[in-house]
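Using the numbering used here, read the sequence shown as starting at 201 and increasing by one per residue.
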Amino acid sequence: MNQIDLIKKIPKAELHLHIEGTFEPELMFEIATRNQVSIRFKTVEELRSAYNFHDLQSFLDLYYEGAKVLIHERDFYDLTMAYLKKCREDHVVHTEIFFDPQTHTERGVAFKTMFDGIYRALADAQKEWGITFHMIMCFLRHLSEESAIETLKEALPYKDKIIAVGLDSGERGNPPHKFERVFKMARDAGFLTVAHAGEEGPAEYIWEALDLLKVKRIDHGVRSDEDEKLIKRLVEEKMPLTVCPLSNIKLCVFKKMTDHNLKKLLQKGVKVTINSDDPAYFGGYMNQNFIEAARDLNLSHQDILTIAKNSFEASFLSEADKKRWIDQVHE
Ligand code: ADE
Ligand code: ZN
201 MNQIDLIKKI PKAELHLHIE GTFEPELMFE IATRNQVSIR FKTVEELRSA
251 YNFHDLQSFL DLYYEGAKVL IHERDFYDLT MAYLKKCRED HVVHTEIFFD
301 PQTHTERGVA FKTMFDGIYR ALADAQKEWG ITFHMIMCFL RHLSEESAIE
351 TLKEALPYKD KIIAVGLDSG ERGNPPHKFE RVFKMARDAG FLTVAHAGEE
401 GPAEYIWEAL DLLKVKRIDH GVRSDEDEKL IKRLVEEKMP LTVCPLSNIK
451 LCVFKKMTDH NLKKLLQKGV KVTINSDDPA YFGGYMNQNF IEAARDLNLS
501 HQDILTIAKN SFEASFLSEA DKKRWIDQVH E
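Encoded structure:
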């Protein structure tokens with residue numbers, strides 16, 4: 201079996217996916233039209249041609265701008281359902297999606313409107329296609345601790361439907377320690393924790409995410425490579441990294457895919473997973489990330505199987521469900 205057929209065939213879990221980052225230009229224009237919101241780009245092509253980023257912030261500026269057309273529950277439903285159709289095509293059988301309440305509540309959209317739309321689509325896809333899911337609520341790290349605490353309070357009535365809290369948005373200058381207290385509050389309320397760290401920020405931020413935020417996974421974490429002591433700890437603790445290859449190229453974390461350190465991290469024994477991050481902006485969903493990383497980094501069939509197994513091991517599924525899926529990851 202060739203590499204591409206293997207990637208397509210095996211079941212996979214996605215652990216690093218921002219639902220707002222799945223907003224394809226066609227759907228953005230459709231929703232903007234029905235909500236009578238204007239977009240500063242005239243056509244889908246013009247919008248797509250603006251997807252030339254030089255760093256994380258240049259992407260985030262466009263990503264937050266695009267999210268502004270999402271107003272009604274139906275908009276969040278349509279956005280999420282479009283992503284779930286891609287999961288079905290790519291044989292992603294379980295997904296743990298990030299959502300950013302502050303992106304919406306800050307502009308007057310009710311938490312409930314956003315949440316209900318996303319959740320209803322996830323529940324429908326589970327019923328229709330058997331795709332299981334968890335929801336992870338991210339705090340925007342460029343905003344204040346106070347705003348994060350406010351968001352956590354708003355989420356408490358939905359606690360049973362949110363497995364974990366996370367941390368995203370502009371990393372540089374917004375270290376994990378800024379959110380130590382709100383993460384403690386979240387853990388005390390029963391949430392698991394994850395955090396973006398070591399995407400653009402230094403290895404030091406990964407230490408902080410582990411020690412202060414007590415995370416179960418590091419999102420990205422590719423800069424761990426700069427610190428041998430940290431690598432040793434990640435390996436010893438079997439700490440998963442949710443790596444996003446196409447994202448890292450689009451946001452210039454690595455110049456080109458052949459420079460990516462995913463295979464190196466894997467060879468050092470780090471529990472690496474592959475994910476799509478913001479697929480509408482970065483050139484592909486789950487399988488495309490696997491295919492390009494596998495091709496350019498010469499991943500073996502065994503590497504591909506290991507990464508897919510890691511995705512279930514690193515998930516928040518029950519031990520029985522993890523085992524059930526891992527048993528199905530083979531040639
Ligand atoms: N929000 C959406 N995508 C992100 C990324 N790659 N890093 C940080 N915040 C994000
Ligand atoms: Zn991300």
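Even for Gly, the Cβ is constructed at its ideal location relative to N, Cα and C.
query                                                                                                                                                                                      : result
Considering only heavy atoms of ligand 2, list every residue whose Cβ is less than 6 angstroms from one of them, following chain order.                                                    : 216, 218, 368, 396, 419 and 477
Please confirm if the region 291-300 is in contact with the region 245-258, defined as three or more CB-CB distances below 8 angstroms between the two stretches.                          : no
Please go through the region 294-359 and give each complete beta strand (DSSP E) segment of 3 or more residues, from N-terminal end onward.                                                : 332-340
Just checking residue 328 against ligand 3 - is the residue's beta carbon closer than 7 angstroms to any of the ligand's heavy atoms?                                                      : Judged by which ligands are present, ligand 3 is missing from the structure shown, whose ligands are ligand 1 and ligand 2.
What is the residue span of the beta strand (DSSP E) that residue 473 lies within?                                                                                                         : 471-474
Span of the alpha helix (DSSP H) holding residue 480?                                                                                                                                      : 479-482
Give me the residue from 506, 489 and 500 with the minimum Cα distance to residue 216.                                                                                                     : 489
Checking the sheet assignment: what are the DSSP bridge partners for residue 243?                                                                                                          : Residue 243 is not bridged to any residue.
Is residue 280 near residue 317, with beta carbons less than 8 angstroms apart?                                                                                                            : yes
Mind checking whether the beta-carbon of residue 399 lies closer than 7 angstroms to any heavy atom of ligand 1?                                                                           : yes
Could you give the distance in angstroms between the alpha-carbon of residue 491 and the alpha-carbon of residue 203?                                                                      : 8 angstroms
At the level of alpha carbons, what is the spacing between residue 523 and residue 349?                                                                                                    : 36 angstroms
DSSP three-state label for residue 534, please.                                                                                                                                            : Because residue 534 is not part of the residues shown, which for the chain are 201 to 531, the question remains open.
Hey, is residue 371 close to ligand 1, as in C-beta under 7 angstroms from one of its heavy atoms?                                                                                         : yes
Inspect the beta-carbon positions of residue 293 and residue 364 and report whether they are closer than 8 angstroms.                                                                      : no
Between residue 221 and ligand 1, is the CB less than 7 angstroms from at least one heavy atom?                                                                                            : yes
Decide if the region 431-445 is in contact with the region 464-472; the criterion is three or more beta carbon pairs, one per stretch, under 8 angstroms apart.                            : yes
Let me see if you follow: with CB-CB separation under 8 angstroms, is residue 337 close to chain B or not?                                                                                 : Absence of chain B from the displayed structure is noted, only one protein chain being present.
Just verifying my parser: in three-state terms, what is the DSSP assignment at residue 419?                                                                                                : strand
Taking the runs of the beta strand (DSSP E) that are 3 residues or longer, which of them lie wholly in the region 387-441?                                                                 : 392-397 and 417-420
Closer than 7 angstroms: is that where the CB of residue 424 sits relative to any heavy atom of ligand 1?                                                                                  : no
Look at residue 439 and residue 449 and say whether their C-beta atoms are less than 8 angstroms apart.                                                                                    : no
Determine the direct distance from the alpha carbon of residue 241 to that of residue 390, and round the result to whole angstroms.                                                        : 43 angstroms
Have a look at 286, 259 and 271 and flag the residue whose alpha-carbon is nearest the alpha-carbon of residue 314.                                                                        : 271
Under the three-state reduction of DSSP, which class applies to residue 205: helix, strand or coil?                                                                                        : helix
Please report the Cβ distance between residue 422 and residue 404, rounded to the nearest whole angstrom; I am assuming they are in contact, meaning their Cβ atoms lie under 8 angstroms. : Not really, about 14 angstroms apart at Cβ, beyond 8 angstroms.
Which residue from 359, 329 and 221 puts its Cα closest to that of residue 335?                                                                                                            : 359
Apart from the five residues on each side of it in sequence, which residues of its chain come closer than 6 angstroms, Cβ to Cβ, to residue 225?                                           : 244, 247 and 248
Going by beta-carbon coordinates alone, are residue 221 and residue 478 separated by less than 8 angstroms?                                                                                : yes
Measure from the alpha carbon of residue 384 to the alpha carbon of each residue in 414, 361 and 369, then state which is nearest.                                                         : 414
Per DSSP, what kind of secondary structure is residue 237 in: helix, strand or coil?                                                                                                       : coil
Distance check for residue 510 and residue 496, CA to CA, integer angstroms please.                                                                                                        : 20 angstroms
In or out: residue 290 buried (at least 16 other Cβ within 10 Å) or exposed?                                                                                                               : buried
Would you check if the distance between the CB atom of residue 475 and the CB atom of residue 442 is smaller than 8 angstroms?                                                             : yes
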